[in-house]
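The block underneath contains the structure these notes are about, expressed in structure tokens.
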Amino acid sequence: MSVFTGWRAALRIARRDALRAKGRSALVVAMIAVPVLGVTALDVTYRSADPTTAEQLTADLGSADALFSDQRSGPIEQLPDGDMYMPVDEEAVPDGNGPAIDIGTTFPKGSRAIDIRSAPADVTTAYGIANTYIFEVRTSDKMVRGMVDLVRGSYPHGAGEVAATEPFLKSTGLDVGSTTTVRNSGREYRITGVVEQPNALKTNALYADPGAVLAPWKAGAKNDKKVIPPNERPVQWLVEGPAGAGVTWPDILRANESGVLVKSRQVVLDPPPDSEVPLAGKGYQSYAGGSDELSVAVVTVVSMAILEIVLLAGPAFAVGARRSRRQLGLLGTCGGDRRHVRAVVLGGGLVLGGVGAVTGAVAGIGLTAVLRPILEDLVGHRFISLELRPVELLGIAAFGLVTGLLAAFAPAIVASRQSVLESLTGRRGVRRSSRVLPVLGCSVLAIGTGVAVYGGTTGDSGLVSGGSIVAELGLLACIPVLVGLLGRIGRRLPLSPRMALRDAARNRGRTAPAVAAVMAAVAGSVAVATYMSSSKAENEFDYVPSMTQGTILLSSSYSSENDVAERLPRVRPAVERSLATTGRRADYRRVWAGSDCNVYEIESCGSLEMVVPAGKDHTCPLTGKGAKALAARLSADEHRELMRSPACLTRLMPSGIFNSDMSSIVVADEALLDVYAKFTDPAAAEALAAGTPVLLNKTYAKNGEVTLKAVHRYSKEDKKNRAQHPGRPRTTTAKLKVYVAPEKYAATPGISMIMPQKTAERLGLHTSPAGSVYTAAHPPTDAELQRARAAIDQAGGGLWVQDESGPYEMEDTMLVILTLLAGLVTLGAASITTGLAKADAEADLNTLSAVGAPPGVRRRLSGFQCMVVALTGVVLGTLAGLVPAVALRLVDLREALKAMRAEPMESAYTPIVLPWGTIGLLVVGVPLLAGLLAMAFTRSRLALARRAG
């Protein structure tokens, strides 16, 4: 019999065996399909979320040939992609208020063009007043397709209609058919439809036909000086070139001579040689994006996913081989030797591996298609299409097939070594655990961890992923010994958990592969979750707040001192009714010297500042001479401490929130200390009451005193104050005794010193009511902010509400998707693996019923067996997942230190934060769910079964 004939018979036997045991075969297929599904979904999502150049051009240009925009800086030179340009006269300053050119003269002859105009505006909502962007463009024109698309309803037509984006409708409580009024012009518009920008789904905007909004607004501002004209952005033009010609590079060069920047579809897709690009001759190049390069984190997690497929498939075929041992024994009685037994088991791996790989690949594509709207919302833009790369998908499926074959290799060897008698009688035999394997496993674990950490410190992604896999394999070798220790734990436990632990220890050949499979699935989830939680903590540390968290600021525009003082008492009650505020209110006043710089020209107004004393303790060492040399010697933790020192916080913290200048001095009482600075020291309150300022940043103090420098310069137009202070400007320097707050209050955003009103008067400074601060019960919602703005508008305007929204979560899109897929694979793998373990232990459950055990014992024992497998796998998987996560953070630390040493004020803080919520959910949720599922699907009573003999 030829080799091919033998394999044909083995495959036929394997196929019939798979069809005969449909339930077990389905579990084996699922074990291979689940990770293949995850990797396939990841591949399709990654490729679809990363638009091609042609797709990005459609998002930028619609269906037009080019986008023209006047830069108002004289003749320019640009790169072919239109993303970078330089004025021919490098000293030319763009003049946004200068005369615009007739841009139509720069279009190719025979072109058709439509303009895009935009400006921010206040509009009425279902709750009050909101600020949004209004775009004037003919959205019904075919040139706009792909740039702005209709979702539902109809495009706006005429002067009284607009279309809105979904985020605008969601935040304002309006819908199609609702009306909104542009407050600046007083015109009312009906919302006719919902549109979206496919490349920016979170855009909050309104769209109208050209001339529908901005023209009447400008006319109103021209006739009424109280109406502020629109703050328009530069006009852009979508251009459709002559038929068959498009917009060529010579067309762009001619437009550049008039100062017009052009982005042409034809030129971007087929750029001219560098010899024809003047800017390229000066050394400028287009930015080459890294869209085809996966991050180190993605490479590592995908590498672990490959190992996961192997570990998940292994126990599946081991169980299949044991369930088919009688059939394999019969094969031996018919003259088959070990080669034939191995061929049958490997044939099963080939058949089920192929089915699992194809099923996983198809299901991965289908899952991505079903979840496409959710994924698009997650990444913030539409997928132009689901990009399927046949080579990659075939490679994933082929790897699943090969993995199935390799995973069946070890069970095939074990099955071929069993004697015919053992196979026919069902005896498993007794084998002592290897004493060398755990020692070898611990050594491999240590080596793999060391390699991964070394790769992290050197930035080598290959060492990180390779070391992580080696470490996981070392932990895998330790599993049989760890499982053997479980039996000793359950001596004092109740019957069912005690039997489950002893059964797991006694049947290590069944338990260890199942534990390894769960471990592999959990390791990927923990690695991703740890990396993301650490990155989030890093972003939170790097974020510089504009206000104290949990506060709301009602502030003025500082344009009119008398108006603000008059409006504030009317506005405060309305704002307090609109927003969820708690506790008391803290009022504050702004302070200045000379004429007010908010009203008069900067050359003719005064100034006020605190003088920083000389000395090392008052200067940030990360700035100035010697900063880079110091940064080269600092560790990340040492740099972090310096960055948060009072001297460096003067450079880091924002100013101008409470005052228009950079002094960060406000006039207030102890209420502001309590409500805003969260500083409740009675001694500080007494100091303010006695006329002593409270200094929040000790950098400005020396021997308990602050030097205050004021330039009393008065404008000729400031007739009231000029009459009281004639003559030349004078400069005064005053030393003030201050109460110095503890060091931690130096990080208070926007305030360095709080000065009592009588102290400002004594120094000859001017003050004016500027606003109030409240403690927020919760972050203001869109509806609450819109109500507050409406209340302010009714009181005459000139004030606004601010809150601290916290750091913007700039998460890596692929890591978010990896987290979702890793969680899905973990849950599926744990459920399927424990199901296989339960199937393999069916004989033990039948024995329980035969000896008279109560029906509930079968359920509880099955549940605890699966719980033991899942819990052990989750704990070990958590430990295995920490290795790549820590190594990846070391890669980030290396890059952060490199950036910090180039720019010392750049943060190098790279924490490692464990995701305790995710770990707790895995440790508790996955084992509990596995146990409950096993109990639910285990029969309480013994079912009739075919005799083994």
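For the record, in the sequence shown the residue sitting at position 468 is 467 according to numbering that gives the first Met the number 0, with numbers rising by one throughout. Virtual Cβ for every residue (Gly too), placed ideally from N, Cα, C.
In the structure shown, the three-state DSSP call for residue 87 is coil.
In the displayed model, residue 42 falls within a helix according to three-state DSSP. Of all C-beta pairs linking the segment 32–41 to the segment 245–263, fewer than three are shorter than 8 Å, placing the two stretches out of contact. For residue 903, the three-state secondary structure derived from DSSP is coil. Distances from the CA of residue 704 to each of 696, 710, 711 were compared; the closest alpha carbon is that of 696. Per DSSP, the continuous alpha helix (DSSP H) segment holding residue 922 begins and ends at 915–935. C-alpha of residue 526 to C-alpha of residue 907: approximately 22 Å in a straight line. Annotated as proximal: residue 674 and residue 772, with beta-carbon spacing under 8 Å.
A check of alpha carbon separations from residue 265 across 80, 591, 355 identifies 80 as the nearest. Collapsing the DSSP output to three states places residue 186 in a strand. In the DSSP annotation of this structure, the continuous segment of the beta strand (DSSP E) that includes residue 130 starts and ends at 128–135. Around the CB of residue 255, 16 or more other CB atoms lie within 10 Å, so the residue is classed as buried. Secondary structure remark: continuous beta strand (DSSP E) runs of at least 3 residues inside the segment 660–730, in chain order: 664–667, 704–711. Approximately 6 Å separates the beta-carbon atoms of residue 166 and residue 201; this is inside 8 Å, confirming the contact. When the alpha-carbon of residue 924 is set against those of 763, 17, 464, 521, the nearest one is in 521.
When DSSP states are grouped into helix, strand and coil, residue 283 belongs to the coil group. With contact defined as three or more Cβ pairs closer than 8 Å, the segment 849–860 and the segment 896–911 are not in contact.
Nearest Cα to residue 931 within the set 879, 869, 883, 465: 869.
Under the 8 Å Cβ criterion, the segment 715–728 counts as touching the segment 593–610, having at least three qualifying pairs. The DSSP-derived three-state label of residue 572 is helix.
Between the segment 450–463 and the segment 884–891 there are three or more C-beta pairs closer than 8 Å, enough to call the two in contact. Separation of the CB atoms of residue 209 and residue 136 is rounded to 7 Å, and the pair is thereby assigned contact status at 8 Å. Membership of residue 165 in any beta strand (DSSP E) is not indicated; the residue belongs instead to the alpha helix (DSSP H) covering 165–171. Beyond the five residues adjoining it in sequence on each side, residue 731 comes within less than 6 Å, by CB distance, of 709 in the same chain, given in chain order.
Non-local beta-carbon contacts of residue 691 in its own chain, meaning distances under 7 Å to residues more than five positions away in sequence, involve 736, 737, 738 in chain order. Taken in chain order, the unbroken stretches of alpha helix (DSSP H) that lie wholly in the segment 586–672 and span 4 residues or more are 626–630, 635–642, 645–651.
By the Cβ-count criterion, residue 601 is exposed, with fewer than 16 other Cβ atoms from all chains shown falling within 10 Å of its own Cβ. Under DSSP, the beta-bridge partners assigned to residue 260 are 68. For residue 773, the enclosing beta strand (DSSP E) starts and ends at 765–775. Shown here, residue 115 sits in a strand according to DSSP, grouped into three states. Taking the C-beta atoms as reference points, residue 657 is found nearer than 8 Å to residue 749. Membership of residue 77 in the beta strand (DSSP E) is indicated by the continuous run 75–77.
Residue 230 sits exposed, since fewer than 16 C-beta atoms from the chains shown fall within 10 Å of its C-beta. Take the alpha-carbon of residue 662 and the one of residue 645: they are about 15 Å apart.
Inter-segment contact for the segment 393–404 and the segment 356–363 is present: three or more beta-carbon pairs are separated by less than 8 Å. Cβ atoms of residue 474 and residue 878 come within 8 Å of each other, at about 7 Å.
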